[in-house]
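Chains as they are written, first to last, in our numbering: chain W, 1 to 217; chain D, 1001 to 1217.
Think of the CB as a built atom: it goes at the ideal place given N, C-alpha and C, for glycine as much as any other residue.
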DNA sequence: CTGGATCCACACAGATACTG
DNA sequence: CAGTATCTGTGTGGATCCAG
């Protein structure tokens, strides 16, 4: 947003001037998971017009939120990465995701779920405790993992072959993600399948606030 | 946003579809402080085109975020109020305000500070403790108060005559609001004046994470 | 193939005037 | 007070094209 100000001396207004334009926070969401190239961003946001993506990246770079880096040869690739300042938007994105997930109903036609979305969903619903465990979560082609060690969570795209619990989730994912269904019921309803015990699944569900009544078997 | 979707099965994307349009979160910010009439909203957002305000209110009402209520006679006034669902956006607005406040520099020409902004700034920087105190904060015409009782904070527009500490703040407010100046230095630099002790001011600064090194005298 | 730039059509925002 | 109407301009969407 170049000259489009809200005319308010206010943190909320300033934030919206910087990252309030269309697509900006979705680009940032994807960069919060990992640095990415232009093409990776396009792949994760298939509906973004290429000129809008290019414009946003320039604006975000100008605002000091994103840096554009050219990889050393031979790759020579151009990588977009969040600055520490931009990375501080994680709390904003997580709060938005928590709130918006409640309005997630059925997967609508033409709508996609990416690994970045699943990673942010896990991060936004994580509740620190004293559990130590590793998980792999699959949703069709999309595979992410989570490594929980007490207070800390590390979640990223990709499998985790040695995971304590591997979960296969099917659409609709929303009842699972926003607490309308508990883990045991989800298993029985065939919404998830797992190669672990129901107890392990319930522990997973509790860690990530999935399901209103995490049941142990 | 009626038919403008991001094509992503994602809480962040859904949230942005609901409240990501221009002015929407600023309207919500003001309604988080208190229910308001159309004219009150206009007064707090002088730069919003009236047709945009009307459109947003209709969209937010349709989305179940805002309700439109007609007061009983004789007032007959129309009041806009957040639903519980809409009120849950407080964490989003507070996170945005915290992040954006860091980019708040000088008060720019034509820019205004409202009571709603100050209230949200206090709420977003509050750190629970075991302090029990009341404050009145004045910034020109704008007056807000804060009542702290341990974990709980109640902050709203308007004075609080019996406040333990009354603070008069002058522009630029930003060094005070985003931690570039400590309370004692702010007092000495004439950025604030107070009818309380420096110790009380330092306690206020610490409660609201104002200033890097809350100094006691 | 990556990393964009260019062009066009249009919906939405901005500004202002007007009304029940 | 609480909006609607109208006009204009810019940002967005969508498609295509281009250079390294």
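DSSP state of residue i mapped onto helix, strand, coil
i	result
residue 1009 of chain D	coil
residue 134 of chain W	strand
residue 230 of chain W	The displayed coordinates of chain W run from 1 to 217. Any statement about residue 230 of chain W would go beyond what the structure contains.
residue 193 of chain W	strand
residue 205 of chain W	helix
residue 37 of chain W	strand
residue 1031 of chain D	helix
residue 113 of chain W	coil
residue 1061 of chain D	helix
residue 1165 of chain D	strand
residue 1175 of chain D	helix
residue 184 of chain W	helix
residue 1056 of chain D	helix
residue 1127 of chain D	coil
residue 1096 of chain D	helix
residue 1105 of chain D	coil
residue 1025 of chain D	helix
residue 16 of chain W	helix
For residue i: DSSP bridge partner residues
i	result
residue 1081 of chain D	D/1067
residue 1148 of chain D	D/1133 and D/1153
residue 142 of chain W	W/139
Reference residue i, options the options, closest by Cα
i	options	result
residue 20 of chain W	W/120, W/139 and W/6	W/6
residue 36 of chain W	W/205, W/61, W/68 and W/155	W/68
residue 1032 of chain D	D/1175, D/1120 and D/1204	D/1120
residue 76 of chain W	W/202, W/38, W/132 and W/168	W/38
residue 173 of chain W	W/132, W/154, W/118 and W/155	W/118
residue 83 of chain W	W/61, W/181, W/102 and W/70	W/61
CA-to-CA distance, residue j to residue i, given in whole angstroms
i	j	result
residue 43 of chain W	residue 1051 of chain D	37 angstroms
residue 1157 of chain D	residue 1124 of chain D	15 angstroms
residue 1161 of chain D	residue 1138 of chain D	12 angstroms
residue 1009 of chain D	residue 159 of chain W	21 angstroms
residue 18 of chain W	residue 58 of chain W	12 angstroms
residue 1091 of chain D	residue 186 of chain W	29 angstroms
residue 85 of chain W	residue 140 of chain W	34 angstroms
residue 1175 of chain D	residue 1210 of chain D	9 angstroms
residue 15 of chain W	residue 1081 of chain D	24 angstroms
residue 46 of chain W	residue 1196 of chain D	58 angstroms
residue 1166 of chain D	residue 95 of chain W	33 angstroms
residue 1066 of chain D	residue 1054 of chain D	12 angstroms
residue 202 of chain W	residue 1110 of chain D	55 angstroms
residue 199 of chain W	residue 34 of chain W	32 angstroms
residue 1189 of chain D	residue 28 of chain W	39 angstroms
residue 155 of chain W	residue 1132 of chain D	40 angstroms
Proximity below 9 angstroms, CB of residue i to CB of residue j
i	j	result
residue 1097 of chain D	residue 11 of chain W	yes
residue 1205 of chain D	residue 1183 of chain D	yes
residue 1143 of chain D	residue 1207 of chain D	no
residue 178 of chain W	residue 107 of chain W	no
residue 1152 of chain D	residue 1168 of chain D	no
residue 99 of chain W	residue 1030 of chain D	no
residue 73 of chain W	residue 23 of chain W	no
residue 1134 of chain D	residue 1146 of chain D	yes
residue 26 of chain W	residue 1013 of chain D	yes
residue 1070 of chain D	residue 1079 of chain D	yes
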